[in-house]
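Shown next, in structure tokens, is the structure this report addresses.
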Amino acid sequence: MPGFDDLLGQDAAKTTLERAFSLGKVHHAYRFEGPPGVGKTFAARLLARALVCERVAGCGTCSSCTRAMSLATEGPEIPGHPDVIMVGRGLYPASLIGSQESTGISVDQIRKIVLPRMGYGPHEGRALVIIVLDADELTIAAANSLLKTLEEPPQNTHFILVTSRPKRLIDTIASRTIRVRFGPLPKAALRTLLHTEGLSPDEDLLERAQGSLDRARLLGSEEERATYANFVEAVEKAVEARDPGAAVRFAESRPGERDVLLDHLRYLGTSYALRERERAERAPERLGEFAEDHRIVLRAARAIEQNGSPALALEALILELSDRPR
36 MPGFDDLLGQ DAAKTTLERA FSLGKVHHAY RFEGPPGVGK TFAARLLARA LVCERVAGCG
96 TCSSCTRAMS LATEGPEIPG HPDVIMVGRG LYPASLIGSQ ESTGISVDQI RKIVLPRMGY
156 GPHEGRALVI IVLDADELTI AAANSLLKTL EEPPQNTHFI LVTSRPKRLI DTIASRTIRV
216 RFGPLPKAAL RTLLHTEGLS PDEDLLERAQ GSLDRARLLG SEEERATYAN FVEAVEKAVE
276 ARDPGAAVRF AESRPGERDV LLDHLRYLGT SYALRERERA ERAPERLGEF AEDHRIVLRA
336 ARAIEQNGSP ALALEALILE LSDRPR
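This is the structure we're talking about:
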């Protein structure tokens, strides 16, 4: 089906969406969930394109398809088609929606951007599509204002909620959507996508990207790669000195960058996993022992994902690793 041919490395999600179209049973509300950087937002835009297409489901060449996939170069970075609405934290200026959005998607954004369109339906296309980026960042008030529309959507109206943290999504919202899972991108798909962007990834980069196109792009930059490496070095020095202070100060100095810290921790976990693989090849009988470092890092990441204190999670990480045989 042409509408989803560009969705590489996500065969299960692609099959789900293609089957829905072939059976004429496209649901009014989907929840695209999976790790960061694996194509969820791109897939949401492909689904929107297929829904507003003038010919078939996402021909890719008609005016509606072209505008659905293009993003504005000035002002909010939103699709150019009037029937594809995108919302997300900080996407619109306070002068437009009436409030700053430092901690989540505000009720003002839903009231100003989404709800006014519900009474009018599509302007041009066959459907009205609302894409909610990082839907787990909906505030309770924003979620509540959206709830009735999700329960009883106007005709030809579809919602696509995108999230990398489904457990933080408000239950009443999650329960009214159909889940479509996205997994880490296979290396072959990741390599193909990077090649189309003019990058030539080596095997080490593909390993450390862990199936995330976003991380692969960052690692393709020497400066960003050095930032990851410096974090690993700082943690290892703190472990060696049994001094979590430096790592804790790192967390406290970036209070609004929880996702950045999580990504650095995942990179640390990947570094340990690669190291464990090399050690296990030399001493397979110690595989379980080597894997414990990786598990400790993953526990710290999970604690932060569940809204735990980054400083406390890092302190526990350093102390636990310090007690391990090096």
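At position 307 of the sequence shown the residue is numbered 342 (my numbering), and the sequence of numbers has no breaks.
For every residue, glycine included, the Cβ atom is placed at its ideal position computed from N, Cα and C.
Bear in mind that the values here come from a model prediction, so they are computed numbers and not experimental data.
Quiz item: Pick from 254, 348, 310 and 244: whose alpha carbon is nearest that of residue 293?
Solution: That would be 348, whose Cα lies nearest to the Cα of residue 293.
Quiz item: Hey, residue 217 and residue 73 are a contact pair by Cβ (cut 8 Å); roughly how many whole angstroms apart?
Solution: The Cβ separation is near 5 Å, so the contact holds.
Quiz item: When the cut-off is 7 Å and only beta carbons count, does residue 244 lie next to chain D?
Solution: This model lacks chain D altogether, as it is built from one protein chain only.
Quiz item: Going by beta carbon distance, what residues of the same chain come within less than 6 Å of residue 181, once the five residues before and after it are set aside?
Solution: Counting only Cβ-Cβ distances below 6 Å, and skipping sequence neighbours, we find 145.
Quiz item: Mind checking residue 59: buried by the 16 CB within 10 Å criterion, or exposed?
Solution: Exposed is the call here.
Quiz item: Should residue 233 go down as buried or exposed, given a rule of 16 or more other Cβ atoms within 10 Å for buried?
Solution: Around the beta carbon of residue 233, a 10 Å sphere encloses fewer than 16 other beta carbons of the protein chains shown; the residue is thus reported as exposed.
Exercise. Just tell me which of 213, 214, 123 and 240 has its CA closest to the CA of residue 226.
Key: Ranking 213, 214, 123 and 240 by Cα distance to residue 226 puts 240 first.
Quiz item: Looking only at DSSP bridge pairs, what is residue 181 linked to?
Solution: Partner(s): none; residue 181 has no beta bridge.
Exercise. Report the rounded CA-to-CA distance for residue 208 versus residue 62, giving the unit in angstroms.
Key: Approximately 15 Å between the Cα atoms of the pair.
Practice problem: For the alpha helix (DSSP H) containing residue 254, list its first residue and its last residue. | Solution: That run of the alpha helix (DSSP H) goes 248-254.
Quiz item: What is the DSSP secondary structure of residue 114, counted as helix, strand or coil?
Solution: Note: residue 114 maps to strand in three-state DSSP.
Quiz item: Going by DSSP, which residues form a beta bridge with residue 121?
Solution: Beta-bridge partners assigned by DSSP to residue 121: 166.
Quiz item: Can you name, in chain order, every residue of its own chain whose Cβ lies under 6 Å from the Cβ of residue 164, other than the five neighbours on each side?
Solution: Here the set comprises 83, 86, 119 and 193.
Exercise. Note the first and the last residue of the continuous alpha helix (DSSP H) segment covering residue 230.
Key: For residue 230, the enclosing alpha helix (DSSP H) starts and ends at 222-231.
Quiz item: Going by C-alpha distance, which of 212, 242 and 252 is nearest residue 230?
Solution: Ranking 212, 242 and 252 by Cα distance to residue 230 puts 252 first.
Quiz item: Whose C-beta lies closer than 6 Å to the C-beta of residue 45 among residues of the same chain, with five residues either side of it excluded?
Solution: Around residue 45: 74 and 217.
Self-check item: For residue 193, the three-state DSSP class (helix, strand or coil)
Solution: Secondary structure of residue 193 (DSSP, three-state): strand.
Quiz prompt | residue 199 classed as buried or exposed, judged by whether at least 16 other C-beta atoms fall within 10 angstroms | solution = Residue 199 comes out buried.
Quiz prompt | DSSP-derived helix/strand/coil call for residue 159 | solution = DSSP places residue 159 outside both helix and strand once states are collapsed to three, so it counts as coil.
Quiz item: Among residues of its own chain, excluding the 5 on either side of residue 56, which ones have a beta-carbon nearer than 6 Å to its beta-carbon?
Solution: The answer, listed in chain order, is 92.
Self-check item: Sequence-distant residues of its chain with Cβ nearer than 6 Å to residue 147 (five each side left out)
Solution: Within the same chain, Cβ atoms closer than 6 Å to the Cβ of residue 147 are found at 132, the five residues on either side in sequence being excluded.
Quiz item: If residue 53 sits next to residue 67, beta carbons under 8 Å apart, how far is it from one beta carbon to the other, in whole angstroms?
Solution: Taking C-beta atoms under 8 Å as the contact rule, residue 53 and residue 67 fail to qualify, at a distance of about 15 Å.
Quiz item: Under three-state DSSP, which class holds residue 359?
Solution: Look at residue 359 here: in three-state DSSP terms it is coil, with no helix or strand label.
Quiz item: Taking the alpha carbon of residue 189 as the point to measure from, which residue in 203, 168 and 150 has its own alpha carbon closest?
Solution: When each option's Cα is compared against that of residue 189, the closest is 150.
Self-check item: Contacting residues, own chain, Cβ-Cβ under 8 Å from residue 94 (five flanking each side not counted)
Solution: Cβ within range, chain order: 37, 38, 88 and 100.
Quiz item: What distance in whole Å lies between the Cβ atoms of residue 123 and residue 168, which are believed to be in contact at a cut-off of 8 Å?
Solution: Rounded, the Cβ-Cβ distance is 3 Å, consistent with contact.
Quiz item: For residue 204, does the three-state DSSP call read helix, strand or coil?
Solution: Reduced to three states, the DSSP call for residue 204 is coil.
Quiz item: Looking at the structure shown, is residue 215 part of a helix, part of a strand, or coil, going by DSSP?
Solution: It is a strand residue.
Quiz prompt | Cβ-Cβ separation, residue 329 to residue 31 (assumed contact under 8 Å), whole Å | solution = Beyond the ends of the chain as shown, which are 36 and 361, falls residue 31; an answer cannot be given.
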